[in-house]
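Note sheet for the following structure.
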Amino acid sequence: MTTSPSTARRLWSPLGVALLLAILGSGTKAGADRGALHLRASEAFAPCLRPALDAFTRESGWTVVLDVGEPDPPREADVVVGDDSEMTRLLEAGVADLQTSVDLGSLPWVWVVVPPGSPPGSLSALAPDRVVVLGGRAGRGARESLQGLAADRLRVSRDGGELRRARYALLPRSLAGTGEHRRSDVRPLIATAALVAGAPHAAAARRLLAFLQGDRGRGLLSTCLDAIETGASKGGSAQASYARSVVDWWLPDCSLTHDGYNDPGQVLGAPDAVFLGVKDSYRGIMSLGQGGYVTVDLVDTAVDGPGPDIRVYQVTGTEPVTLYAASSPQGPFVLVGLRMDCGTRTPGLENYEHHCDFDLRGTGISEARYVKVEDGEIYPCLAGGTITEGADIDAIEILNKKP
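Residue numbers (the working numbering): 8 to 410.
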């Protein structure tokens, strides 16, 4: 059938044109979304990543959408970037692929003091008004460092604008606004990037991770992130002394049933944990489950010396650990550290190996041969989605050994 010009004009009414444009617009949007990578990063790391993501888009042709928020849950992301404290359950549960995880750099915490030139001293003493600190999992260590501050003088926030406007604050350097910045001794955040399992744009996401690890990407990131220490740590020397025998251990029934790493003998000797490349697949660890513990004989004796005296190594996560110490296997056991964050990266080992250090000073005992390592996460066993619930212990080391 032949349609005359006048008939065609009648068919293409304003309503018909609007419908056609809507259909075409919908298809264009869907196509653009299929061609965009989604990267989800926490508030602290988002400002550091933007220049590198923009460069990757220009050089690869892939648009990268940066979603800002805690990486867990990843939502629609192809790649997630967060601190160890934010990534633990993602990596342990296999939601993010541990085998693809890479460290991009460290981000120190700073005191923000306005006006500049204020006299030296603790921020809590200087601030006439409230001290602002980052909320969320990444800010836990900073908030704990301010426990001595009255509650009415502390403001917890995750609003970027409020954080940058704060006159007195303890913040990751990337979120600090105007004013004088003084470096804090709060543990720096470590930017860890990983591919989300089942990511819709997995090949392009791997290409992005490779770019961020390469010279070009690291150069752009270095304006915001510091290099991660890779030299030797205090632990692990040729004269190092590690736990040699198990005295006692306990796991709740639920953890015995569901966890896959219940052998206490795995905590003996030097750090030797290995990730085998498949979700929940390790060698050389004991998972403490919900509130479980293991007590070991160090044989050598740890003494109160310079700095920390005992180190506990754990794998993948930053789960808190509680440590008790005694001079005899019968005790009494004295509390050395309660639910201490165990997420410090261990130089010279794989990026899934962490540690936490404990000091005998102030505990009432000056030496110890027996230590009890207890899970401090206390995550409900029945709610767990992995076979590695609780702190995952690799080794226990004496840092200051009695001659």
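Yeah, the Cβ is synthetic: ideal placement off N, Cα and C, and Gly gets one too.
Whole angstroms is fine: what's the gap from Thr230's alpha carbon to Glu236's?
Going from the Cα of Thr230 to the Cα of Glu236 covers about 17 Å.
Determine, using beta carbons only, whether Val322 and Ala280 come nearer to each other than 8 Å.
In this structure, the beta-carbon distance from Val322 to Ala280 falls below 8 Å.
Does the region 255-268 come within contact of the region 384-400, defined as at least 3 CB pairs closer than 8 Å?
Here the region 255-268 lies against the region 384-400, with 3 or more beta-carbon pairs under 8 Å apart.
Kindly indicate which three-state DSSP category Arg290 falls into: helix, strand or coil?
In the structure shown, Arg290 sits in a strand (DSSP, three-state: E or B).
Short of 8 Å in beta carbon distance, which residues of its chain neighbour Ser191, apart from the five on each side in sequence? Order them along the chain.
Its chain contains Pro115, Trp116, Val117, Trp118, Ala149, Ser152, Leu177 as the residues whose beta carbon lies nearer than 8 Å to that of Ser191, once the 5 sequence neighbours on both sides are disregarded; these appear in chain order.
For Ala39, is the classification buried or exposed, using 16 other Cβ atoms within 10 angstroms of its Cβ as the cut-off for buried?
Residue placement at Ala39 cannot be trusted, given a pLDDT of 39 that sits under 50; the coordinates are not used to answer.
Which listed residue (Ala183, His362, Gly205, Pro207) has its alpha carbon closest to that of Leu406
Here the closest residue by C-alpha is His362.
Distance, Val87 Cα to Val329 Cα
The amino acid at residue 329 is misidentified as Val; the sequence shows Thr. If I take the Cα positions, the gap works out to 30 Å.
Which residues mark the beginning and the end of the alpha helix (DSSP H) in which Ala211 is found?
Secondary structure note for Ala211: its alpha helix (DSSP H) is the uninterrupted segment 209-220.
Taking Cβ positions, are Val303 and Val253 nearer each other than 8 Å?
For the 8 Å CB-CB criterion, Val303 and Val253 form a contact.
C-alpha distance - Ile400 paired with Gly42, whole-angstrom precision:
Approximately 42 Å between the Cα atoms of the pair.
Using 10 angstroms around the beta-carbon of Thr199, count the other beta-carbons present and answer buried if the total reaches 16, otherwise exposed.
Of the residues assessed, Thr199 falls on the buried side of the cut-off, its CB having 16 or more other CB atoms within 10 angstroms.
Residues in the same chain with beta-carbon distance under 8 Å from Lys409, minus the five sequence neighbours each way, listed in chain order, please.
Scanning its chain for C-beta atoms nearer than 8 Å, with the 5 sequence neighbours on each side dropped, one finds around Lys409 the residues Asp307, Thr308, Ala309, Val310, Glu374, in chain order.
Contacting residues, own chain, Cβ-Cβ under 6 Å from Glu381 (five flanking each side not counted)
Tyr300, Thr329, listed in sequence order.
Own chain, CB closer than 7 Å to Gly392, minus 5 neighbours either side, in chain order
For Gly392, where only same-chain residues beyond five positions count, the Cβ hits under 7 Å are Ala100.
Going by beta-carbon coordinates alone, are Arg165 and Gly184 separated by less than 8 Å?
No; because the gap between Cβ atoms is not below 8 Å, this pair is not in contact.
DSSP three-state label for Ser181, please.
Ser181: helix per DSSP, three-state reduction.
Which of the three DSSP states is assigned to Ser262 in this structure?
Helix at Ser262.
Using only CA atoms, which one of Leu111, Asp364, Gly284, Ala250 lies nearest to Pro271?
Of the candidates Leu111, Asp364, Gly284, Ala250, the one whose C-alpha sits nearest the C-alpha of Pro271 is Ala250.
With a threshold of 8 Å on Cβ separation, who are the neighbours of Gln106 within its own chain once the five nearest residues in sequence on each side are excluded?
Within the same chain, Gln106 has close Cβ partners Phe282, Gly284.
Measuring only the C-alpha atoms, how far is Val343 from Glu326?
Straight through space, the alpha carbons of Glu326 and Val343 are spaced by roughly 17 Å.
Proximity winner among Gly224, Gly371, Asp136, relative to Asp159 (alpha-carbon distances)
If we check each option's Cα against that of Asp159, Asp136 comes out closest.
What residue range does the beta strand (DSSP E) around Phe365 cover?
Start and end: 360-365.
How should Ile403 be labelled, buried or exposed, when 16 other C-beta atoms within 10 angstroms of its C-beta is the threshold for buried?
Classification for Ile403: buried.
Confirm, please, whether the CB-CB distance from Ala103 to Val75 is below 8 Å.
No, they are not a contact pair.
Contained beta strand (DSSP E) runs [length at least 3] in the region 136-207, N- to C-terminal order:
Fully enclosed beta strand (DSSP E) runs of 3 or longer: 138-141, 161-164, 175-179, 187-190, 196-202.
Whole angstroms are fine: how far does the CA of Gly224 sit from the CA of Thr35?
Because Thr35 carries a pLDDT of 37, less than 50, the predicted location of this residue cannot be relied on, and the following value inherits that uncertainty. Computed Cα separation, rounded: 30 Å.
Can you list, in chain order, the residues of its chain whose CB lies under 6 Å from that of Pro81, leaving out five sequence neighbours each side?
Within its own chain, the residues whose Cβ lies closer than 6 Å to the Cβ of Pro81, once the five positions on either side in sequence are excluded, are Arg47, Val87, Val203, listed in chain order.
Quick check on the burial criterion: 16 or more other C-beta atoms within 10 angstroms. Buried or exposed for His336?
It should be noted that the sequence gives Pro, not His, for residue 336. If you draw a 10 Å sphere on the C-beta of Pro336, you find fewer than 16 other C-beta atoms in it, and that means exposed.
Assign Leu345 to buried or exposed, taking buried as 16 or more other Cβ atoms, counted over all protein chains shown, within 10 Å of its Cβ.
It is exposed - the Cβ of Leu345 has fewer than 16 other Cβ atoms within 10 Å.
Using the C-alpha atoms, what's the distance from Asp79 back to Leu22?
With a pLDDT of 44 at Leu22, under the threshold of 50, the predicted position of this residue should be treated as unreliable, and no value is reported.
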